[in-house]
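Chemist:
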Amino acid sequence: MQLGHNEIMIVSKYFEDINDFINLEMGVKRFRGNMERFHFNPIPLNQYSRKLFPNIETFHIYNEKDEIFEDGRIFKQIIWYKVSYSRYLEEKKEMNEYKNIEYTEEDREEYGNTIPIEVTSLGNYCFYGCNDIQSIEIPTNVSKIGDGCFIGCTSLTTINIPTSISEIGD
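This is the structure:
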């Protein structure tokens, strides 16, 4: 069995740096042009590596310090690093997607005890000392509950924890 262009694109989505892509294209003649087939960046890019992915339309921002390109060819950004819910509300733009939104204690104080559907994690001590809540419904988008999230919630009797939760802090 031989890998075709579609299969090598799938494999190369898991490469970790630009050298892996360059080595593939330089080492195997029939896979030249692999980077040109991507319409999103599978790795963080810099000025040099951006030129090797000329057809990107969706730009993935993996880390807060990643370089961002506004070259007119990018129509959508997908942000993977953790942002607070309040920052998400401030920065959300049409066509942008946030994948890691944390509801912090400050967010709860500002927006209330109902966890917004966009949230994917509850920050450390998010509901700390909330004596007035008796029950809480955690949305299915949430996968992580931070340390001490419900410490001091003396009236809390019911927490509905969805199966999406994969990590619970101390």
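Start counting the sequence shown at 91; every next residue gets the next number (the numbering used here). Positions of the beta carbon are idealized from the N, C-alpha and C atoms, including for glycine.
1. Reducing DSSP to helix, strand and coil, say where Ser174 ends up.
2. Hey, quick one: how far does the alpha helix (DSSP H) through Asn96 stretch, first residue to last?
3. Skipping 5 residues on each side, what residues in its chain have a beta carbon closer than 8 Å to that of Leu231?
4. Across which residues does DSSP place His150 in a beta bridge pair?
5. Does the separation of the CB atoms of Tyr171 and Asp197 fall below 8 Å?
6. May I ask which residues mark the beginning and end of the alpha helix (DSSP H) holding Asn109?
7. Here's the rule I'm using: 16 or more other beta-carbon atoms within 10 Å means buried, otherwise exposed. How should Phe165 be labelled?
8. According to DSSP, is Ser139 helix, strand or coil?
9. In or out: Ile251 buried (at least 16 other Cβ within 10 Å) or exposed?
10. So what does DSSP say about Phe160, is it helix, strand or coil?
Modeler: According to the data block:
1. strand
2. 95-102
3. A small correction: the amino acid at residue 231 is Asn; Leu does not occupy that position in the sequence shown. Excluding sequence neighbours, Asn231 sits near Ile207, Glu208, Val209, Thr210, Ser254.
4. Ile168
5. no
6. 108-117
7. exposed
8. helix
9. exposed
10. Per the sequence shown, the amino acid found at residue 160 is Glu instead of Phe. In the structure shown, Glu160 sits in coil (DSSP, three-state: anything other than H, G, I, E or B).
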